[in-house]
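Pasting the structure below:
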């Protein structure tokens, strides 16, 4: 009998193992839902799949009677726009700070401790401050996401720069490159795939802040909607919305991963071979 | 004097003396091999010549100019590892320095006629080191020997008056090393620059160099061993056509024990 750590699933088995937990989850929900509905057809806690499909169909394909909007798409568009703006702002500033702090010892001396401290501030505790300072509109939500993920990404990038072998930076100098060209042609190209990875890892956090901000102050958005319909115990909307958010997050992650592989082939080769580093 | 002049060079870290009393004249075009036990400061000396570290005392002049205190194109370098840019293809690695020299300051790239000139030069260099076939590959797809050949081509592209090599073949297997020796000697004969190579392979040091420098701790203080640094214990002119080159002179040569131990 081989040891457990040496047993690897074959391709076919692996695929079954991927699907199995999802199937089990759906199946057990269905069993529980059917049982509750059999007892009380008015039960709102565990709606049937048909009821959820019905509710979502209404939100997606029928204009809202009050506003005339197709709510699911309006919510999705508003949330994704805020998320993209917040992540872009946070990652952009983080890239700049990370680059300067990672490459220039003079900047690092004062910026690195500051980033470490700022990264410890709980962003949600800043939300009231943001509402007071920049108002209740879109800016506050975008800034919340940006300060929620920015310092963490900046610190990650700073660390990644310092992983670049000193030999490469010295070689670049012997080839005539000054600080700017080292930054532009050696450090930045090696940092961009790390930035994409850092964004991927912080997307979960970004969604958290987005939904928190929308729950408090918004008139549309995925987070706004689920907190709105919570008042009516509308689980037939909340559950599919959560699934939809999860799907969007997964698709973003997938797209970023593909982007990295496409744009930075050298990185995949290094990881794939795994022996050169 | 054309070449390298070192006067009273000293290097200490805190109160530990690494190098002391280094005086050396290397006429332009020599191939100097630098050997010594581990901790004898041979890599430190190389890093000082490179500008990566500053001497604690003394002077270094290259072609009558004081050595700049940071790395510049006057001195090329090949390290034992990580010498090439891993995010650039083989051709782009060699092109880098030429592009920086010929291109504009902001983008570090060049276009049109300049670019064609640079590309032509890159092709020549890749041919010279036998990497023409691998031009579009990335360093992680190359063997250790190919990576070092790439690093050599990259450094030589700038035609530096002084080429520094820090145990460039230390991580290669013996067969590969032989081929690299031939390549290096051929390139050195073609370009005619001064070469300083740190190695701990004595045979390599004898067979490649025109001058062998041995670093060793000459002065010893048993109560405070860190207070004396290493100096030059042997400075041998190697006859390019004599017996010394095949390494058989090793047995009769009064080489310090420490150096032999490191070379073995």
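Protein chains in written order, with our numbering: chain A, 1228 to 1504; chain Y, 42 to 305.
For every residue, glycine included, the Cβ atom is placed at its ideal position computed from N, Cα and C.
Quiz item: Quick one, which residues of the segment 93-114 of chain Y are near chain A if we go by CB-CB under 8 Å, in chain order?
Solution: Answer set for the segment 93-114 of chain Y: 93, 111, 112, 113 and 114.
Quiz item: Under the three-state reduction of DSSP, which class applies to residue 195/Y: helix, strand or coil?
Solution: Here the question's residue 195/Y lines up with position 154 in the second chain. Helix at residue 195/Y.
Quiz item: Since residue 1378/A contacts residue 1436/A with CB under 8 Å, what's their CB separation in whole angstroms?
Solution: As a first step, residue 1378/A is located in the first chain; it is residue number 151 there, counting from the start. As a first step, residue 1436/A is located in the first chain; it is residue number 209 there, counting from the start. That belief does not hold up - the Cβ atoms of residue 1378/A and residue 1436/A are roughly 13 Å apart, past 8 Å.
Quiz item: Beta-carbon of residue 1404/A versus every beta-carbon of chain Y: anything under 7 Å?
Solution: On the first chain, residue 1404/A is found 177 positions in, with the first residue counted as 1. So yes, residue 1404/A belongs to the interface.
Practice problem: State the start and end residues of the unbroken alpha helix (DSSP H) segment that holds residue 1467/A. | Solution: Within the first chain, residue 1467/A is the residue found at index 240, counting from 1. 1462-1490 is the span of the alpha helix (DSSP H), which, as asked, contains residue 1467/A.
Quiz item: Which residues in chain A sit within 8 Å of residue 222/Y, going by Cβ to Cβ distance?
Solution: As a working mapping, residue 222/Y is identified with position 181 in the second chain. Near residue 222/Y there are no residues of chain A at all, since even the closest Cβ is about 22 Å away, more than 8 Å.
Self-check item: Within chain Y, the residues that residue 1413/A reaches when beta carbons sit closer than 7 Å
Solution: Translated into the one-based positions of the first chain, residue 1413/A becomes position 186. The answer, in chain order, is 126.
Quiz item: Using the beta-carbon of each residue, which ones in chain Y are nearer than 7 Å to residue 1408/A?
Solution: If you number the first chain from 1, residue 1408/A lands on position 181. In chain order: 141 and 149.
Practice problem: May I ask you to list the residues that DSSP assigns as paired with residue 271/Y? | Solution: Sequence index remark: in the second chain, residue 271/Y carries index 230 (1-based). Answer is 60/Y.
Quiz prompt | Per-residue DSSP class, three states only, for residue 266/Y | solution = Counting from one through the second chain, the residue named residue 266/Y turns up at place 225. Three-state DSSP puts residue 266/Y in a helix.
Quiz item: Rounded to whole angstroms, how far is the Cβ of residue 228/Y from the Cβ of residue 169/Y, which I believe are closer than 8 Å?
Solution: Sequence index remark: in the second chain, residue 228/Y carries index 187 (1-based). Sequence index remark: in the second chain, residue 169/Y carries index 128 (1-based). Rounded, the Cβ-Cβ distance is 7 Å, consistent with contact.
Quiz item: What is the rounded straight-line gap between the Cα of residue 102/Y and the Cα of residue 180/Y?
Solution: As a first step, residue 102/Y is located in the second chain; it is residue number 61 there, counting from the start. As a first step, residue 180/Y is located in the second chain; it is residue number 139 there, counting from the start. Note on geometry: alpha-carbon atoms of residue 102/Y and residue 180/Y lie some 35 Å from one another.
Practice problem: Please check if any C-beta of chain A sits within less than 7 Å of the C-beta of residue 308/Y. | Solution: Residue 308/Y lies beyond the stretch modelled for chain Y, which goes from 42 to 305, so this question has no answer here.
Quiz item: When the cut-off is 7 Å and only beta carbons count, does residue 1390/A lie next to chain Y?
Solution: By one-based count along the first chain, residue 1390/A stands at place 163. With 7 Å as the cut-off, residue 1390/A does not count as an interface residue toward chain Y.
Exercise. Say whether the segment 1380-1387 of chain A touches the segment 1324-1332 of chain A, bearing in mind that this needs 3 or more beta-carbon pairs closer than 8 Å, one atom from each stretch.
Key: A contact exists between the segment 1380-1387 of chain A and the segment 1324-1332 of chain A.
Quiz item: Ends of the alpha helix (DSSP H) at residue 135/Y?
Solution: Taking the first residue of the second chain as 1, we reach residue 135/Y at position 94. From DSSP, the alpha helix (DSSP H) with residue 135/Y extends over 131-143.
Quiz item: In whole angstroms, what separates the C-alpha of residue 1466/A from that of residue 1269/A?
Solution: Walking along the first chain from the start, residue 1466/A turns up at place 239. Walking along the first chain from the start, residue 1269/A turns up at place 42. Residue 1466/A and residue 1269/A have their C-alpha atoms spaced approximately 17 Å apart.
Practice problem: Could you tell me the distance, in whole angstroms, from the CA atom of residue 1425/A to the CA atom of residue 1416/A? | Solution: Stepping through the first chain from its first residue, residue 1425/A is reached at position 198. Stepping through the first chain from its first residue, residue 1416/A is reached at position 189. Approximately 15 Å, taken between the alpha carbons.
Self-check item: chain A contact for residue 185/Y (CB, 7 Å cutoff)
Solution: Counting from 1 along the second chain, the entry for residue 185/Y is found at position 144. Taking Cβ atoms only, chain A never reaches closer than 7 Å to residue 185/Y, which makes this a no.
Practice problem: Starting from the Cα of residue 1352/A, find the closest Cα among 1336/A, 1372/A and 1342/A and give me that residue. | Solution: Numbered from its first residue, the first chain carries residue 1352/A at position 125. Here the closest residue by C-alpha is 1372/A.
Quiz item: Which chain A residues sit within Cβ distance under 7 Å of residue 138/Y?
Solution: Residue numbering aside, residue 138/Y sits at position 97 when the second chain is read from its first letter. Per Cβ cutoff of 7 Å: 1402 and 1403.
Quiz prompt | Alpha carbon of residue 216/Y to alpha carbon of residue 205/Y, nearest angstrom | solution = The count along the second chain starts at 1 and reaches residue 216/Y at position 175. The count along the second chain starts at 1 and reaches residue 205/Y at position 164. Straight-line Cα distance between these residues: approximately 23 Å.
Quiz item: With a cut-off of 7 Å, does the C-beta of residue 275/Y fall near any C-beta of chain A?
Solution: For the purposes of this step, residue 275/Y is identified with residue 234 of the second chain, where counting begins at 1. By the rule that beta-carbons nearer than 7 Å mark a contact, residue 275/Y does not touch chain A.
Quiz item: Would you report the Cα separation of residue 1330/A and residue 1259/A, rounded to the nearest angstrom?
Solution: Mapped onto the first chain, residue 1330/A falls at position 103. Mapped onto the first chain, residue 1259/A falls at position 32. Distance between the alpha carbons of residue 1330/A and residue 1259/A is about 57 Å.
Exercise. Give a yes or no on whether the C-beta atoms belonging to residue 99/Y and residue 51/Y are separated by under 7 Å.
Key: Position 58 of the second chain, counted from the start, is the residue given in the question as residue 99/Y. Position 10 of the second chain, counted from the start, is the residue given in the question as residue 51/Y. A distance below 7 Å separates the beta carbons of residue 99/Y and residue 51/Y.
Quiz item: Could you give the residue range of the alpha helix (DSSP H) that holds residue 231/Y?
Solution: Counting from one through the second chain, the residue named residue 231/Y turns up at place 190. Counting along the chain, the alpha helix (DSSP H) containing residue 231/Y begins and ends at 215-232.
Practice problem: Less than 8 Å between the CB atoms is what I'm expecting for residue 1419/A and residue 1491/A, so what's the real figure, rounded? | Solution: In the first chain, residue 1419/A corresponds to position 192, counting from 1. In the first chain, residue 1491/A corresponds to position 264, counting from 1. Going by Cβ atoms, the distance from residue 1419/A to residue 1491/A rounds to 7 Å, so yes, they are a contact pair.
Practice problem: Using three-state DSSP, classify residue 1335/A as helix, strand or coil. | Solution: Position 108 of the first chain, counting from 1, holds the residue named residue 1335/A. Note: residue 1335/A maps to helix in three-state DSSP.
Quiz item: Which chain Y residues sit within Cβ distance under 9 Å of residue 1416/A?
Solution: Counted from its first residue, the first chain places residue 1416/A at position 189. Those are 126, 128 and 129, listed as they occur along chain Y.
Quiz item: Looking at chain B, which residues of the segment 213-245 of chain Y have a Cβ within less than 7 Å of any of its Cβ atoms?
Solution: As a matter of chain content, chain B is missing from the structure shown, whose protein chains are A and Y.
Quiz item: Does DSSP put residue 1432/A in a helix, a strand or coil?
Solution: To locate residue 1432/A, count along the first chain from 1; it is residue 205. Correct three-state label for residue 1432/A: helix.
Practice problem: Would you mind telling me which residues of chain A sit closer than 9 Å to residue 199/Y, beta carbon to beta carbon, in chain order? | Solution: Looking up residue 199/Y in the second chain gives position 158. Near residue 199/Y (Cβ distances below 9 Å), the residues of chain A are 1401, 1402 and 1403.
Practice problem: Within its chain, find whatever has a CB closer than 6 Å to the CB of residue 1338/A; leave out the 5 residues flanking it on each side and keep chain order. | Solution: Sequence index remark: in the first chain, residue 1338/A carries index 111 (1-based). Closer than 6 Å at Cβ, skipping near neighbours: 1328.
Practice problem: To the nearest angstrom, report how far apart residue 1243/A and residue 1253/A are at their CA atoms. | Solution: Position 16 of the first chain, counting from 1, holds the residue named residue 1243/A. Position 26 of the first chain, counting from 1, holds the residue named residue 1253/A. Going from the Cα of residue 1243/A to the Cα of residue 1253/A covers about 15 Å.
Exercise. Could you check which residue in 190/Y, 75/Y, 261/Y and 94/Y has the C-alpha nearest to that of residue 134/Y?
Key: Along the second chain, read from residue 1 onward, the residue named residue 134/Y stands at position 93. With distances taken between Cα atoms, residue 134/Y lies closest to 190/Y.
Quiz item: Would you report the Cα separation of residue 198/Y and residue 167/Y, rounded to the nearest angstrom?
Solution: The residue labelled residue 198/Y in the question sits at position 157 within the second chain. The residue labelled residue 167/Y in the question sits at position 126 within the second chain. If I take the Cα positions, the gap works out to 10 Å.
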